[in-house]
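For reference, the structure is listed below as structure tokens.
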Ligand SMILES: Cc1cc2nc3c(=O)[nH]c(=O)nc-3n(C[C@H](O)[C@H](O)[C@H](O)COP(=O)(O)OP(=O)(O)OC[C@H]3O[C@@H](n4cnc5c(N)ncnc54)[C@H](O)[C@@H]3O)c2cc1C
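As structure tokens, then:
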């Protein structure tokens, strides 16, 4: 079966992709399959262009929610937005939510996603109590900390490579209101962020900073910091309004270019409060602001976008952040959305989880071909020199060497991979490394 609907968010490599049913999942086809959630990964970690994708969304449902314990059980294809709609009226919220709620439960586990409260709660995997995992041998295995714990750890952050998560149970957190008491202020340079962030993170559940990536000189790294906590007087948490804005088709050129960005940044920075200002913000605007514009990724035009998300240690984070911003500037690149966050030291349960203690900078670039690729390679070098790592589920182009430096534990993951599963990302990174090490058995057949 062919489907045109399996794009990933970056839309760099668009094509019709073949799908299959979980009933077809068999050991006979090495590397022939990969589960697909809702395509909110940016690159090719959710694709297997030499095989078939399992569409996990159709028919997915929530099977149980206990408002006394806050424990929910659902099919892996259920969206986080659907979970929130059910549990919020009972005063519950996800312990960890990424920047979009249009993500499936299975995708959130498989990428072990993080939110604006990593410094407090770690990753999504920390909320996962158990799941059932279907392997190509036809066995459905219950995985938890106590049962098949090696598979449990390899599947959290395992990018779909261990098999199909069928159903999962997660813990939710009780909140006084889903709405957020936000304290926001602007800072005039990157020093303003790093000087404030320790105290901010010590006293708030959430924090995130928007950075004006085009600002130079004494204002380099200026931005707006938004800290928040669930409000105890936040009023009723309403479901998000249906998106009023939509980008129904891809314009022929990238509309998010240097000119439009410069104007946008000046306006956004200029309107932010100079001194900390506190107020109640509707939960959807705080956690998932971009969900209000359906298909905003199309604004990047037909060639799509690359996201570069790195993490690097705190010790030299200020210098590394400056180096990354200056490098993008030197290459004449404009990042439409630049976000800086702290990752805390709550350990991730996953074998291959991306977050680790330090700071994470996320940059979005329109795809301008080789020019962009050269700049992304230069950014990688800065990240490696700083002892950092690159996010695989935002990636479409990192080199095998960059992957190895970011995830030296990939060999353990390869040993846990279901032989019938493969992704384009894994094929162009881990498999290239594995072929250079013939002792890794599965590599020869994938
Ligand atoms: C606007 C926006 C903001 C974002 N903000 C954040 C953020 O703040 N933090 C963050 O961490 N991420 C963020 N992301 C990335 C996104 O949260 C992750 O990529 C997420 O995992 C995508 O989930 P998905 O359901 O779309 O899965 P897909 O992208 O379709 O797949 C993701 C991975 O999960 C695997 N998978 C999917 N379903 C299953 C299953 N049932 N069993 C086994 N494996 C499965 C796939 O094989 C693939 O490897 C953001 C993305 C966007 C577009």
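Numbering (the working numbering), first residue to last: 15 to 460.
We put the beta carbon where it would ideally sit given N, CA and C, even for glycine.
These numbers were taken from a predicted model, which means no experiment stands behind them.
*Inter-residue spacing [alpha-carbon to alpha-carbon] between residue 320 and residue 378*: 6 Å
*Using a threshold of 7 Å, is the CB atom of residue 329 nearer than that to any non-hydrogen atom of ligand 3?*
Because ligand 3 does not appear in the structure shown, any question about it cannot be addressed here, the ligands present being ligand 1.
*Pull up the distance between the alpha-carbon of residue 221 and that of residue 214, whole angstroms please.*
8 Å
*Would you mind listing the alpha helix (DSSP H) stretches within the region 67-128 that are 4+ residues and don't spill past its ends, in chain order?*
Whole alpha helix (DSSP H) segments, 4+ residues: 94-101 and 119-124.
_For residue 341, the three-state DSSP class (helix, strand or coil)_ = helix
*When DSSP builds the beta bridges, which residues end up paired with residue 49?*
68
*On the DSSP bridge assignment, give the partners of residue 56 in chain order.*
Beta-bridge pairing by DSSP links residue 56 to no other residue.
*Contact set for residue 197: own chain, Cβ-Cβ below 6 Å, skip 5 residues either direction*: Taking residue 197 as the centre and dropping the five residues before and after it, the same chain places the C-beta of 241, 290 and 292 closer than 6 Å to its C-beta, in chain order.
*Within its chain, find whatever has a CB closer than 6 Å to the CB of residue 134; leave out the 5 residues flanking it on each side and keep chain order.*
Within the same chain, and ignoring the five residues on either side of residue 134 in sequence, the residues whose Cβ sits closer than 6 Å to its Cβ are 219.
_Secondary structure of residue 224, DSSP reduced to three states_ = Of the three classes helix, strand and coil, the one that applies to residue 224 here is strand, per DSSP.
*asked:* Going by DSSP, what residue range makes up the beta strand (DSSP E) through residue 352?
replied: 349-357
*Distance cut-off 7 Å: residue 60 Cβ against heavy atoms of ligand 1*: yes
*Could you tell me which residues DSSP pairs with residue 207 in its beta bridges?*
For residue 207, which the question treats as bridged, DSSP gives no partner whatsoever.
*Express the C-alpha separation of residue 177 and residue 243 in angstroms, rounding to a whole number.*
36 Å
*Could you tell me whether the region 37-46 touches the region 322-337, using the rule of 3 or more Cβ pairs below 8 Å?*
no
*Three or more C-beta pairs closer than 8 Å, one from the region 48-61 and one from the region 426-439: is that the case here?*
yes
_Please tell me whether residue 363 and residue 139 are closer than 8 Å, where the distance is taken between their beta carbons._
yes
*What do you reckon, is the C-beta of residue 52 under 7 Å from a heavy atom of ligand 1?*
yes
*So residue 120 packs on residue 70, CB below 8 Å; how close in whole Å?*
5 Å
*Which whole-angstrom value describes the C-beta separation of residue 165 and residue 430, a residue pair presumed to lie in contact below a C-beta threshold of 8 Å?*
7 Å
_residue 334 in three-state terms, based on DSSP_ = DSSP places residue 334 in the helix class (H, G or I) of the three-state scheme.
*Would you mind working out which of 152, 444, 137 and 157 sits nearest residue 146, comparing C-alpha positions?*
157
*Just the C-alpha distance for residue 90 and residue 143, rounded to the nearest angstrom, thanks.*
14 Å
*Beta-carbon proximity check, residue 86 vs residue 191, cutoff 8 Å*: no
_I need the boundaries of the alpha helix (DSSP H) containing residue 300, first residue and last residue._
297-301
*Buried or exposed (CB count within 10 angstroms, at least 16 for buried), residue 136*: buried
*asked:* For the region 200-207 against the region 272-291, do three or more pairs of beta-carbon atoms, one drawn from each stretch, fall closer than 8 Å, so that the two count as touching?
replied: yes
*Buried versus exposed call for residue 153 [16 or more other C-beta atoms within 10 Å across all chains shown]*: Classification of residue 153: exposed, given that the 10 Å Cβ count is below 16.
*Give the DSSP-derived three-state secondary structure of residue 15 in the structure shown.*
Only weak support is given to the placement of residue 15: the predicted model assigns it a pLDDT of 48, under 50, and the question is left unresolved by the model.
*residue 132: first and last residue of the uninterrupted alpha helix (DSSP H) it sits in*: 132-135
*Use the C-beta contact count for residue 163: other C-beta atoms within 10 angstroms, 16 or more gives buried, fewer gives exposed.*
exposed
*Is any heavy atom of ligand 1 found at a distance shorter than 7 Å from the C-beta of residue 70?*
The answer is yes for residue 70.
*Please look up how many angstroms separate the CB atoms of residue 171 and residue 131, rounded, as I've assumed it's under 8 Å.*
With 8 Å as the limit, residue 171 and residue 131 do not qualify as a contact, their Cβ atoms being about 18 Å apart.
*Taking residue 231 as the reference, give the member of 278, 245, 52 and 343 with the closest Cα.*
343
_Looking only at its chain, what residues have a beta carbon closer than 6 Å to the beta carbon of residue 418, apart from the 5 residues adjacent to it on each side?_
Result list for residue 418: 447, in chain order.
*residue 48 to residue 150, Cα distance in whole Å?*
11 Å
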